[in-house]
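Asks: Can you read through this structure? Questions will come right after.
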Amino acid sequence: PRFFCARCCSFGPEMPAVQLLLLACLVWDVGARTAQLRKANDQSGRCQYTFSVVSPNESSCPEQSQAMSVIRNLQRDSSTQRLDLEATKARLSSLESLLHQLTLDQAARPQDTQEGLQRELGTLRRERDQLETQTRELETAYNNLLRDKSVLEEEKKRLRQENENLARRLESSSQEVARLRRGQCPQTRDTARAVPPGSREVSTWNLDTLAFQELKSKLTEVPASRILKESPSGYLRSREGDNGCGELVWVGEPLTLRTAETITGKYGVWMRDPKPTYPYTQETTWRIDTVGTDVRQVFEYDLISQFMQGYPSKVHILPRPLESTGAVVYSGSLYFQGAESRTVIRYELNTETVKAEKEIPGAGYHGQFPYSWGGYTDIDLAVDEAGLWVIYSTDEAKGAIVLSKLNPDNLELEQTWETNIRKQSVANAFIICGTLYTVSSYSSADATINFAYDTGTGISKTLTIPFKNRYKYSSMIDYNPLEKKLFAWDNLNMVTYDIKLSKI
């Protein structure tokens, strides 16, 4: 059976129904296996088209009522599709509106977005700078640790060498003491008697007292032919009318002014000029950290407050390294011992130039005759009311302290004394009013000023003036005649001591 749909070249009033019927025919035609189109004139001569389509499902043609039902179904489907189309149009309009809004928002927000990116970039840069700063700080700390390690290793090596030297000296001293005892050295109760100038007489010391502090028991002066002309009297006497001179009778408690920041300040020297010259004043302070093998920096402070707070106004770089803690400042110049030499150097601070150099004849250096604490303190410079001095020892003196008065301009030796105090048996020494004083220990909290040698009379005597090593490592003790105080460096700490002198 076949379902036939017809369309004529002209149509009557039933046109809409015919169109729908034609549409149905076309839809059904999709599944048809064959379709035939015929064209012929009808009886009235009008052109007539005839389609023949085989129905895929129906065995016979539907009735008119069934066709109307199909048409109504098609109309409902058309309405549904129209509603779906309208909904789709509405959604499309909504999407177009949203896209338009997004486009407007993006056009309005580029400035805000750029500012946000700039802020984020700035934050990242700050974080990078902080990380770089932390890296530099860590590198600096690491370098400081390496430097401290090197210093400690050098110190360990030096201490090992000093220990070996001390062992040899102890053996030598024991042999010498035994020899002296076999020689029955004469004894006397008066250990402080005067010895005439130039005398070679053997001093009589009691072996059982602290007065026996040296292996060489002679109190002599270096002959004039060995150094310079000697004054007629052979003594350095204080001029009449010198202010404040007398014999040391009391040392007060230490007052701490400053503490060094690093291990390089374990020991050092600090000072003020007792005879200041322009542009320096009584307040100007100098400081040198002496731990290390190439010590050249001299820190200068215009005010005491700057020194106490650690803010130097200038840093001098010496033309050659110094050795030990024996440097002093006097009349505008720094006087110091050149490293690994017996040369004393005068460095003018204002012009930053070396004005004079002088070898101390026969003086031990670099560990030959240091104080008991070591530190290459073979040559120790000092200042008192009379001027500039140098404290040292020689092979000829067999380790006894030798004391020379220096010309502050050209460093020529003006006069020399050889004492009966063994240099390595005392921790330090200083000079007040022409008298040499020594300290018994650098590490004992309750040490003493234990010996005095008066250059004006040639008399040596024992003392027991209490002296406090608060921090138990005093590496430098000097007298400032302008302030009438002792300046000291005690285990990283810079301290002063008040003193009392008896009236002459």
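Residues -32 to -1, 1 to 472 in mature numbering (1 follows the signal peptide of the UniProt record, and there is no 0) are what the sequence shown lists, from first letter to last. C-beta: ideal position from N, C-alpha, C; glycine also. The structure displayed is predicted, hence computed values, not measured ones.
(1) First and last residue of the alpha helix (DSSP H) that includes Ile272?
(2) Taking 8 Å as the threshold (C-beta atoms), are Pro376 and Ser299 in contact?
(3) Just the C-alpha distance for Gly330 and Asp363, rounded to the nearest angstrom, thanks.
(4) With H, G and I counted as helix, E and B as strand and the rest as coil, what does DSSP make of Asp52?
(5) Assuming Val322 contacts Asp241 (C-beta within less than 8 Å), just tell me the rounded distance between them.
(6) Which residues in the same chain as Thr253 place their Cβ atom closer than 6 Å to its Cβ, once the five residues preceding and following it in sequence are excluded?
(7) In the DSSP assignment, find the unbroken beta strand (DSSP E) run with Glu316 in it and report its ends.
(8) Just to confirm before moving on: does the CB-CB distance between Glu382 and Val370 stay below 8 Å?
(9) Using the DSSP secondary-structure output, state which residues sit across from Ala420 in a beta bridge.
(10) Below 8 Å on the Cβ atoms is my contact criterion, and I expect Leu290 with Lys326 to pass it. Report the Cβ-Cβ distance as a whole number of Å.
(11) Given a cut-off of 8 Å on the beta-carbon distance, is the pair Gly260 and Cys401 in contact?
(12) What do you get for Pro434, buried or exposed, if any count of 16 or more other CB atoms within 10 angstroms of its CB means buried?
(13) Kindly confirm or deny that the stretch 339 to 348 and the stretch 392 to 408 touch, where touching means at least three C-beta pairs closer than 8 Å.
(14) What does DSSP give as the partner residues of Ala331 in its beta bridges?
(15) Do Ile328 and Tyr360 have their beta-carbon atoms positioned less than 8 Å apart in this structure?
(16) Of the residues Leu349, Tyr447, Asn448 and Gln11, which one's Cα is nearest the Cα of Thr311?
(17) Would you identify the three-state DSSP class for Asp257, choosing helix, strand or coil?
(18) Rounded to whole angstroms, what is the Cα-Cα separation between Arg128 and Gly343?
(19) Apart from the five residues on each side of it in sequence, which residues of its chain come closer than 7 Å, Cβ to Cβ, to Pro287?
(20) Based on the DSSP output, what are the partners of Leu85 in its beta bridges?
(21) Give me the residue from Asp10, Leu302 and Thr245 with the minimum Cα distance to Gln265.
(22) Go ahead and pull the three-state DSSP assignment for Tyr110.
(23) Once DSSP output is grouped into helix, strand and coil, what is the label at Lys125?
(24) Using 8 Å as the Cβ pair cut-off and three pairs as the minimum, do the stretch 424 to 432 and the stretch 462 to 471 touch?
(25) Can you tell me the Cα-Cα spacing of Thr103 and Arg137, whole angstroms?
(26) Exposed or buried, what is Gly332 when buried is set at 16 or more other beta-carbons lying within 10 Å of its beta-carbon?
(27) Can you tell me whether DSSP reads Asn459 as helix, strand or coil?
(28) When burial is assigned at 16 or more other CB atoms within 10 Å of the CB, is Glu169 buried or exposed?
(29) Would you mind stating whether Ala413 and Asn437 have Cβ atoms separated by less than 8 Å?
(30) What is the DSSP secondary structure of Ala390, reduced to helix, strand or coil?
(31) How big is the Cα-Cα spacing for Thr403 and Ile272?
(32) Use the C-beta contact count for residue 478: other C-beta atoms within 10 angstroms, 16 or more gives buried, fewer gives exposed.
(33) How long is the line joining the alpha carbons of Glu221 and Ala415, rounded to whole angstroms?
(34) Grab me the residues of Met36's own chain with a C-beta within less than 7 Å of its C-beta, minus the 5 sequence neighbours each way, in chain order.
(35) Looking only at its chain, what residues have a beta carbon closer than 6 Å to the beta carbon of His284, apart from the 5 residues adjacent to it on each side?
(36) Have a look at the DSSP bridge pairing and note the partners of Glu441.
Replies: Concretely, from the data shown:
(1) For the purposes of this step, residue 272 is taken as the residue at position 304 of the sequence shown. In this chain, the alpha helix (DSSP H) harbouring Ile272 covers Ile272 to Gln277.
(2) As a working mapping, residue 299 is identified with position 331 in the sequence shown. As a working mapping, residue 376 is identified with position 408 in the sequence shown. Contact flag set, yes.
(3) Residue mapping note: residue 330 aligns to position 362 of the sequence shown, counting from 1. Residue mapping note: residue 363 aligns to position 395 of the sequence shown, counting from 1. Rounded to whole angstroms, Gly330 to Asp363 spans 7 Å at the Cα level.
(4) Here the question's residue 52 lines up with position 84 in the sequence shown. Note: Asp52 maps to helix in three-state DSSP.
(5) As a working mapping, residue 322 is identified with position 354 in the sequence shown. As a working mapping, residue 241 is identified with position 273 in the sequence shown. That pair is no contact at about 18 Å.
(6) What you label residue 253 is simply residue 285 of the sequence shown in a count that begins at 1. The residues are Arg240, Tyr269 and Phe275.
(7) In the sequence shown, counting from the first residue as 1, residue 316 sits at position 348. Unbroken beta strand (DSSP E) run through Glu316: Thr311 to Glu316.
(8) In the sequence shown, residue 382 corresponds to position 414, counting from 1. In the sequence shown, residue 370 corresponds to position 402, counting from 1. No, they are not a contact pair.
(9) Residue mapping note: residue 420 aligns to position 452 of the sequence shown, counting from 1. Paired residues: Tyr405 and Lys429.
(10) Numbered from its first residue, the sequence shown carries residue 290 at position 322. Numbered from its first residue, the sequence shown carries residue 326 at position 358. About 15 Å separates the two Cβ atoms, so there is no contact after all.
(11) For the purposes of this step, residue 260 is taken as the residue at position 292 of the sequence shown. For the purposes of this step, residue 401 is taken as the residue at position 433 of the sequence shown. Cβ atoms of Gly260 and Cys401: not closer than 8 Å.
(12) As a working mapping, residue 434 is identified with position 466 in the sequence shown. The residue in question, Pro434, is exposed, as its Cβ has fewer than 16 Cβ neighbours within 10 Å.
(13) yes
(14) Position 363 of the sequence shown holds residue 331. BP columns for Ala331 point to Thr362.
(15) The residue given as residue 360 occupies position 392 in the sequence shown. The residue given as residue 328 occupies position 360 in the sequence shown. Result yes, Cβ atoms of Tyr360 and Ile328 sit closer than 8 Å.
(16) In the sequence shown, counting from the first residue as 1, residue 311 sits at position 343. Cα-wise, what sits closest to Thr311 is Leu349.
(17) Taking the sequence shown and counting its residues from 1, the one referred to as residue 257 is at position 289. Asp257: strand per DSSP, three-state reduction.
(18) Here the question's residue 128 lines up with position 160 in the sequence shown. Here the question's residue 343 lines up with position 375 in the sequence shown. One C-alpha to the other measures close to 12 Å.
(19) Stepping through the sequence shown from its first residue, residue 287 is reached at position 319. Cβ neighbours of Pro287 beyond the five flanking positions: Val322.
(20) By 1-based counting over the sequence shown, the position of residue 85 is 117. Leu85 is not bridged to any residue.
(21) For the purposes of this step, residue 265 is identified with residue 297 of the sequence shown, where counting begins at 1. Minimum Cα distance to Gln265 is reached at Leu302.
(22) Counting from 1 along the sequence shown, the entry for residue 110 is found at position 142. Here DSSP, grouped into helix, strand and coil, assigns Tyr110 to helix.
(23) Residue numbering aside, residue 125 sits at position 157 when the sequence shown is read from its first letter. Lys125 falls in the helix class under three-state DSSP.
(24) no
(25) Start at 1 with the first residue of the sequence shown, and residue 103 comes out as number 135. Start at 1 with the first residue of the sequence shown, and residue 137 comes out as number 169. Rounded to the nearest angstrom, the two C-alpha atoms are 50 Å apart.
(26) Taking the first residue of the sequence shown as 1, we reach residue 332 at position 364. A buried status is given to Gly332, since no fewer than 16 other beta-carbon atoms sit within 10 Å of its beta-carbon.
(27) The sequence position of residue 459 within the sequence shown is 491, counting from 1. In this structure, Asn459 counts as coil in the three-state DSSP scheme.
(28) In the sequence shown, counting from the first residue as 1, residue 169 sits at position 201. Because the pLDDT of Glu169 is 34, which lies under 50, any placement of that residue in the model is unreliable, and the question is left without a value.
(29) By one-based count along the sequence shown, residue 413 stands at place 445. By one-based count along the sequence shown, residue 437 stands at place 469. It is a contact, given that the beta carbons lie within the stated cut-off.
(30) The residue labelled residue 390 in the question sits at position 422 within the sequence shown. Sequence check: residue 390 is Arg here, not Ala. Arg390: strand per DSSP, three-state reduction.
(31) For the purposes of this step, residue 403 is identified with residue 435 of the sequence shown, where counting begins at 1. For the purposes of this step, residue 272 is identified with residue 304 of the sequence shown, where counting begins at 1. One C-alpha to the other measures close to 29 Å.
(32) As shown, the chain starts at -32 and ends at 472. That puts residue 478 outside it, with no answer to give.
(33) Along the sequence shown, read from residue 1 onward, the residue named residue 221 stands at position 253. Along the sequence shown, read from residue 1 onward, the residue named residue 415 stands at position 447. Taking the straight line joining both Cα atoms gives about 12 Å.
(34) Working through the sequence shown from its first residue, we reach residue 36 at position 68. Answer for Met36: no residue qualifies.
(35) As a working mapping, residue 284 is identified with position 316 in the sequence shown. So the list reads Val266, once near-sequence residues are dropped.
(36) The residue given as residue 441 occupies position 473 in the sequence shown. The identity of residue 441 in the sequence shown is Tyr, whereas the question assumes Glu. DSSP lists no partner for Tyr441.
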